[in-house]
Structures are given as C-alpha cells and as structure tokens.
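Residue numbers (my numbering): 34 to 626.
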C-alpha cells in the first residue's frame with residue numbers, strides 16, 4: 034500500500050471503485066448499523082462457491098481474533114495481521130481518519146520491518162494521492178495495478194514495490210473510522226471476489242472491536258488523568274516546596290500525555306518565560322532556558338490561550354532551538370482565577386502520532402488543576418514568609434528594647450564601678466569589660482538592621498544569599514548554624530548552579546529543623562572542590578548532630594536534593610554527622626561549575 038504520495042491526484046468518482054455487491058454496498062453516505070451490516074455481509078456469502086464456503090471457518094477464526102482485547106493500538110495491529118492472513122496479502126495497513134475527515138491521524142502497518150519503516154520516514158498524511166481519494170470517497174476499491182491508477186501519486190524512496198491493491202472502509206457506529214488497505218497478493222495473483230467478501234465482513238467486525246476499544250481507552254485515559262491531578266495536589270498538600278510541586282507537575286504531565294518531556298515554564302520579569310522544571314531523559318540541557326518575550330507562543334500563553342502544534346520542529350511560531358527534536362506538542366497555560374501563573378508543555382518526538390481531541394481536553398483540565406495547586410503553593414509560601422518576617426520584626430524589637438537597653442545599663446554601672454575603684458588592676462579589667470560591651474552593642478545593632486532589611490534591599494551575591502538562608506533558619510532552629518566559605522564563590526559559581534544550591538541549602542536546613550532535632554549545624558560552601566569525575570565543582574555540606582535519617586521515614590526532601598544535583602550533572606549523598614560517634618547527618622550536594 035502507498036505510504037506517502039508526492040503530488041496531487043484527481044478526485045475519483047464513486048463509480049470508479051470496484052464493488053462486487055453493487056454500487057450501494059460501499060457508497061460514502063451509507064452508514065448502516067454494525068449488526069445489520071454484519072448480517073448483510075454474512076448473507077452475501079450464501080449461494081457462493083464451495084471455495085468461499087470452505088474459507089468461512091477461517092473467517093470466523095479471524096473475527097474471533099479481532100474481537101480479543103481492548104487496547105486500541107494492539108487491536109489495530111491485530112486487525113492488520115488478521116486481514117493479511119485472511120486475504121493472503123503480504124502487506125496490510127489501517128489509515129485512521131482524523132477528526133476533520135481531511136487526512137490521517139494514525140497509520141498502522143503490517144508486513145514492513147521497523148528498519149524499513151524508518152528508512153521510508155514520514156508516514157502518509159492522507160491528504161493527496163490514492164489514500165486521500167479513499168478518505169474523500171470511502172468505498173471498496175480493488176486494483177490489479179495501483180501504479181497505473183490515475184489517483185496514485187507514486188511511492189517515496191525505499192518503499193517496497195506494490196501492484197495489487199484492495200481497500201475497504203471501516204465504520205464505527207456508522208461513522209467512518211478509517212480504511213483497511215491490503216497490497217501484494219502472495220503468489221503474484223490479484224485479489225478476487227472471495228477476498229473482497231471476506232475482508233468486508235472482517236472490516237465490519239473490526240468496526241465493532243474498534244468501538245469497544247475506543248470506549249475502554251477513553252475511560253482508562255480519563256482515570257489516569259484524574260489520578261495524575263490527585264498526585265499533584267497530594268504532593269503539594271504534603272508540605273513540599275514549590276520547586277518540588279513543579280517537578281511533580283512536569284513528571285505527571287509527561288507520563289499522562291505519553292510525551293517525550295514534561296516542561297513547566299514561569300513568567301520572567303522581562304516578559305518571557307523560563308523553564309523551571311523538566312521531566313525528560315536529559316533535563317539539564319533545557320533547565321533554565323528562557324524563551325524571549327517576542328515569541329508568538331509566549332504571547333499566546335501569557336494571554337491564557339492554549340497552543341497546539343502538529344510538528345513543533347517546523348512550526349513558524351516556535352523560536353527556541355529546542356523544538357527541532359519534537360513533533361506534536363501541547364502548550365497549555367497554567368491559569369486560575371484569570372491569572373496566568375506559567376505554562377505546561379508536553380512535546381512528543383518527531384513522527385509520533387498527534388494529540389487527539391480527547392487528550393487535548395484532558396490535558397487542559399489537568400493544567401487547570403495544576404494551576405490551582407500552584408496557587409495553593411504560593412499562598413503557603415507567602416504564609417511561611419510572613420511568619421518569618423513577623424518573627425524577625427519581633428526579634429529586632431526585643432533586641433532593641435530589651436537587650437541593648439540592659440547592656441547599656443550594665444555598661445553604665447561598670448563605668449561607675451571603674452571610677453570608684455582604687456585598684457589599678459580592677460579598673461583595667463572593668464574598662465576592658467565596658468569596651469567589650471560597646472562592641473557587643475554595635476554588633477547587635479548591625480544584626481537589628483539586617484533583620485529589618487527587606488529581601489529586595491539585600492545584595493544578590495551567592496555568599497549573601499547563603500548567609501540570608503542561614504539567618505532565616507536561625508529563627509525556627511533557635512540557634513544560628515555555623516558557616517564557612519572556601520574560594521571566591523560569588524565569582525565562579527554561575528546563576529543557575531547558585532539558584533539550585535540555595536534551594537538545596539534551604540531544603541537541607543528545613544530537614545534539619547523538622548526532623549533532625551539538632552543542637553548544632555555547620556554549613557560549608559566550597560567552590561574549590563573537585564568532583565568524582567575530575568571536573569571542578571562547588572560542594573555544599575550541611576552537617577548536624579541530630580538523630581540521623583530515620584528508617585522508613587519520608588525521603589521526598591532527599592529525592593529533591595538529588596534531582597536538583599543530577600539535573601546539573603552533579604550528585605547528592607549523605608554521610609555521618611558531627612555528633613558524638615558520628616551522630617547526625619551530613620548532606621553533601623555538589624554540581625560542576
């Protein structure tokens with residue numbers, strides 16, 4: 034059967050098709066009930082030759098085989114194989130007509146090896162040539178030599194030669210589902226009337242089997258998308274951070290859409306969109322990539338409109354070089370309450386089948402649920418941030434109103450004692466104590482000023498951001514973790530690695546506070562480290578003297594640390610802590626520079 038046509042061909046007239054049972058047997062407008070069609074096809078076998086009667090058991094076995102199983106694609110494979118055996122054909126295929134009825138959305142073949150199909154390349158779209166004619170006029174067609182038919186447009190390179198041809202439409206509940214094609218009768222003969230009768234009966238049974246498979250697939254598909262939405266919401270409500278929730282959205286979307294990748298983008302201040310979470314075989318190549326504001330796709334997404342592409346690699350709306358490896362693609366806005374929070378992208382590899390209307394609808398509903406989950410995550414982060422700021426304000430007030438005043442009063446008392454003392458050694462000692470109090474008061478005032486600073490007022494260097502995380506963690510911990518820097522971290526650590534290092538530090542300190550019951554924590558950031566493969570890198574170590582990692586406890590935080598490191602080509606691990614006899618835990622997170 035032709036797998037690809039290279040030029041337009043004239044539309045066939047209904048009378049040009051070969052129809053052994055009369056012109057009304059396969060006219061385009063005919064849409065009989067499937068049971069009635071099966072009965073008519075079976076009655077047509079009566080009174081025919083002994084040869085046809087002898088093949089009835091084979092037909093019944095073929096019908097039984099076609100009706101086995103409920104998975105749609107395997108059902109199509111089984112129909113092709115059974116039809117080829119029934120008509121003694123070398124090649125068989127089913128072209129699935131798209132929802133608009135203008136081309137093919139899928140093309141299932143039998144008789145061609147995977148290597149041969151790969152050499153042929155792009156599968157037919159059914160918009161021209163003989164396959165296009167059969168879509169426009171779905172009728173039984175039998176040709177002794179398809180290459181001589183005026184509707185044929187030839188074969189692409191590497192396509193095997195084909196002459197004899199038989200095409201039969203497949204109807205599902207009265208609607209055209211596609212066409213069953215057979216080519217190359219074994220032995221060099223032509224397809225005869227017996228083959229036509231057998232294949233038409235088989236096509237009727239195939240329509241029933243495909244209808245059942247469609248219903249089963251639709252129900253299963255809806256269940257999977259619902260379960261995916263529940264997984265995203267559950268992951269968020271379990272207390273994970275925003276980055277963890279975004280990663281879950283990407284992973285679930287990739288799995289549910291059967292795509293090559295799941296990608297989450299968030300808006301940037303410049304009007305573009307940045308890739309912040311990726312589920313793919315090699316996420317490091319795309320994480321952190323920014324799609325510029327001038328992209329037509331970004332404009333549509335930020336307006337709250339979904340974008341669908343049949344071939345992302347050739348779509349002129351795509352401006353990112355990343356799209357060259359992808360084919361069908363869904364780009365869905367993550368919006369809730371009229372606000373666009375980001376976008377979800379699920380691309381398939383080139384040559385894969387396009388997304389169906391049902392998949393697009395389910396994915397859009399999933400994106401809406403994910404957007405609601407992200408809004409909940411944002412509200413949760415705001416509550417946590419507000420609680421931290423309130424604690425910082427309270428601590429600053431207490432330091433100013435209580436601690437400094439008491440230290441100042443103590444200093445005044447010591448100065449009075451110094452003047453009344455007649456022992457030189459006592460006067461010198463008291464003087465040194467007063468000087469130390471003055472220094473302490475200045476340090477406390479500096480700390481108060483830092484606590485009262487807003488996030489936008491702080492410098493943006495990595496060292497400063499590390500210190501900010503340590504200071505913020507001191508509030509819930511009740512003590513300030515010790516810290517040490519090795520090397521010029523502000524100069525050599527890039528923005529993407531630095532951003533992930535800060536997120537890893539925040540996760541590690543959060544784990545220490547919630548689970549470790551630690552009384553001492555040490556943070557080391559070393560940008561002079563050498564990774565296990567010899568590359569220069571940056572290493573973050575967060576060590577505590579707590580209870581260690583409890584057996585059977587949750588591992589979401591550790592998985593998050595490992596995922597961040599691996600996305601950058603690094604790693605994350607644990608070793609004994611700094612408590613007595615190695616008590617506690619040391620989390621080691623590292624990434625290449």
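The C-beta atom is built at its ideal place from N, Cα and C for all residues, glycine as well.
Measure from the alpha carbon of residue i to the alpha carbon of each residue in the options, then state which is nearest.
| i | options | result |
| --- | --- | --- |
| residue 154 | 161, 192, 119 | 192 |
| residue 607 | 545, 315, 625 | 545 |
| residue 228 | 122, 295, 287, 256 | 122 |
| residue 460 | 451, 401, 561, 306 | 451 |
| residue 464 | 473, 370, 444, 477 | 444 |
| residue 208 | 183, 240, 303 | 240 |
| residue 562 | 298, 600, 573, 120 | 573 |
| residue 219 | 289, 293, 171, 120 | 120 |
| residue 680 | 158, 502, 135 | This structure cannot settle anything about residue 680, because the visible part of the chain is limited to 34 through 626. |
| residue 236 | 396, 173, 510 | 173 |
| residue 382 | 338, 131, 361 | 361 |
| residue 250 | 105, 199, 350, 295 | 105 |
| residue 560 | 294, 299, 526 | 526 |
| residue 130 | 496, 467, 331, 211 | 211 |
Determine the burial state of residue i: buried for a count of at least 16 other Cβ atoms within 10 Å of its Cβ, exposed for fewer.
| i | result |
| --- | --- |
| residue 312 | buried |
| residue 455 | exposed |
| residue 513 | exposed |
| residue 325 | exposed |
| residue 438 | exposed |
| residue 336 | exposed |
| residue 453 | exposed |
| residue 202 | buried |
| residue 578 | buried |
| residue 315 | exposed |
| residue 407 | buried |
| residue 430 | exposed |
| residue 491 | Residue placement at residue 491 cannot be trusted, given a pLDDT of 43 that sits under 50; what the coordinates show is reported in the next sentence. Exposed. |
| residue 148 | exposed |
| residue 396 | buried |
| residue 263 | exposed |
| residue 140 | buried |
| residue 511 | exposed |
| residue 613 | exposed |
| residue 419 | exposed |
| residue 108 | buried |
| residue 390 | exposed |
| residue 128 | buried |
Expressed to the nearest angstrom, what Euclidean distance is found between the alpha-carbon atoms of residue i and residue j?
| i | j | result |
| --- | --- | --- |
| residue 625 | residue 260 | 37 Å |
| residue 388 | residue 359 | 13 Å |
| residue 537 | residue 622 | 7 Å |
| residue 498 | residue 515 | 15 Å |
| residue 223 | residue 246 | 33 Å |
| residue 557 | residue 609 | 15 Å |
| residue 126 | residue 282 | 37 Å |
| residue 280 | residue 310 | 5 Å |
| residue 366 | residue 328 | 15 Å |
| residue 182 | residue 267 | 60 Å |
| residue 184 | residue 205 | 26 Å |
| residue 600 | residue 320 | 8 Å |
| residue 230 | residue 200 | 12 Å |
| residue 142 | residue 124 | 8 Å |
| residue 568 | residue 602 | 11 Å |
| residue 195 | residue 187 | 10 Å |
| residue 374 | residue 467 | 56 Å |
| residue 533 | residue 427 | 30 Å |
| residue 620 | residue 598 | 12 Å |
| residue 616 | residue 384 | 55 Å |
| residue 198 | residue 402 | 49 Å |
| residue 433 | residue 501 | 20 Å |
| residue 111 | residue 299 | 44 Å |
Could you tell me which residues DSSP pairs with residue i in its beta bridges?
| i | result |
| --- | --- |
| residue 218 | 122 |
| residue 418 | Answer by DSSP bridge pairing: none, since residue 418 is not bridged. |
| residue 128 | 140, 212 |
| residue 630 | Residue 630 is absent from the structure shown; the chain starts at 34 and stops at 626. |
| residue 340 | 364 |
| residue 619 | 576, 608 |
| residue 518 | 558 |
| residue 324 | 306 |
| residue 571 | 624 |
| residue 563 | 569 |
| residue 205 | 208 |
Every unbroken beta strand (DSSP E) inside the region 346-404 [3 residues or more]: 359-369, 372-382
Sequence ranges, beta strand (DSSP E) only - wholly within the region 254-312, length at least 3: 295-300, 306-312
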